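Each remark here refers to the structure printed beneath this line.
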Amino acid sequence: MRIPRIIGTAAVIAAAATLAACSASGPTPSESSPAAAQDGYPIVIEHALGTTTITEKPERVATVNWANHEVPLALGVVPVGMAAANFGDDDGDGLLPWVAEKLDELGAQAPVLFDETDGIDFEAVADTDPDVILAAYSGLTQEDYDTLSEIAPVVAYTESAWATEWREMIQLNSTGMGMAAEGEALIADLEAQMAETVGAFPQLEGKPTMFLTHIDTTDLSEVSFYTTHDTRVKFFEDLGLTMPKSVVEASADGSFSGTISAE
């Protein structure tokens with residue numbers, strides 16, 4: 000299991016390989032677990048949009064929104080359906096490279112891919128007949144959650160949309176699959192890999208960094224960036240990097256991205 004299959008963007012993966020600063024310094028799984036590991040059923044998960052109860056181990060796992068499918072894949076489970084990649088998909092097959100690689104490794108065909116260009120395709124999700132829907136890292140609205148909950152139990156984020164950090168995402172989604180222990184083992188494995196990789200670059204510890212969302216070449220007066228609430232930025236903190244004061248101050252409204260004057 001390699002880091003790229005869990006950390007959700009190519010930019011973060013590149014950072015993990017080349018901008019590493021120190022061993023992982025985030026909270027241990029027991030300190031940050033949003034849903035305590037449970038023996039047996041029912042499993043009850045509290046989150047921002049309600050309470051999800053799972054009465055038996057799911058056999059058919061579906062995921063919606065960005066990156067949630069990477070948790071079951073990392074644990075050897077191929078979803079019956081998942082969101083098609085709508086950003087960074089260079090060959091147009093709906094799969095990012097490390098996802099396609101993992102499917103090949105598991106000897107599996109691509110599952111049903113949900114087109115989320117205009118929002119969640121509820122009918123397509125329902126057609127996969129899932130036992131659980133994973134969306135720990137997502138932008139679900141209450142209406143989205145309520146509609147999906149009519150199809151199957153839904154695992155949503157604990158606090159804010161698009162603000163679930165990677166450990167919590169693994170914990171929530173693996174718990175929803177009835178695989179909480181395997182999720183904790185995955186976190187420990189990833190942290191060990193990170194420590195080994197980033198330990199080679201101690202000179203970067205404490206260096207300020209800014210994660211740009213994109214650059215608009217037609218207007219260079221503003222910079223678009225991810226705030227301190229975004230999981231990709233939090234991953235930089237795992238690497239020992241820090242956020243500039245301007246980014247910290249611009250993150251005060253709780254959103255996961257924003258714009259700031261280039262000055």
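Numbering follows numbering that gives the first Met the number 0, with no gaps: position 239 of the sequence shown is 238. Where is the CB? At the ideal position from N, CA and C, for every residue including glycine. This one's a predicted model, so the numbers in the text were calculated from it and none came from an experiment.
| Query | Result |
| --- | --- |
| DSSP-derived helix/strand/coil call for V43 | strand |
| Exposure label - Y40; buried when at least 16 CB within 10 Å | exposed |
| Residues that DSSP places opposite L139 in a beta bridge | Answer is none; L139 lacks a bridge partner. |
| Length of the line joining the Cα atoms of I2 and I186 | Unreliable placement is indicated for I2, whose pLDDT of 41 sits below 50; the coordinate value is still reported in the next sentence. Going by the C-alpha atoms only, they are around 10 angstroms apart. |
| Buried versus exposed call for S159 [16 or more other C-beta atoms within 10 Å across all chains shown] | exposed |
| Straight-line gap, D188 to Q141 (C-alpha atoms, nearest Å) | 34 angstroms |
| Meets three-Cβ-pair contact criterion under 8 angstroms: the stretch 53-62 and the stretch 71-82 | yes |
| Buried versus exposed call for S220 [16 or more other C-beta atoms within 10 Å across all chains shown] | exposed |
| Three-state class that DSSP yields for V63 in the structure shown | coil |
| Distance between beta carbons of D229 and G255, contact taken as under 8 angstroms | Looking at the sequence itself, residue 255 is Phe, so the reference to Gly does not match. So it is a contact: roughly 4 angstroms between Cβ atoms. |
| Continuous alpha helix (DSSP H) stretch holding G87: start and end | Where G87 is concerned, there is no enclosing alpha helix (DSSP H), given that its DSSP letter is neither H nor E. |
| Any non-hydrogen atom of the ligand GTP within 7 angstroms of Y156 CB | Only the bare structure without any ligand can be found here, which leaves the ligand GTP out of the picture. |
| Supposed contact pair N172 and N67 - C-beta distance, whole angstroms, cut 8 angstroms | 6 angstroms |
| One or two residues paired with L112 in a DSSP bridge | M81 |
| Helix, strand or coil at Y144 [DSSP, three-state] | helix |
| Nearest neighbour of E69, chosen from D130, A135, I119, D120 [CA to CA] | A135 |
| Reduced DSSP category for V76 - H, G, I as helix; E, B as strand; rest coil | coil |
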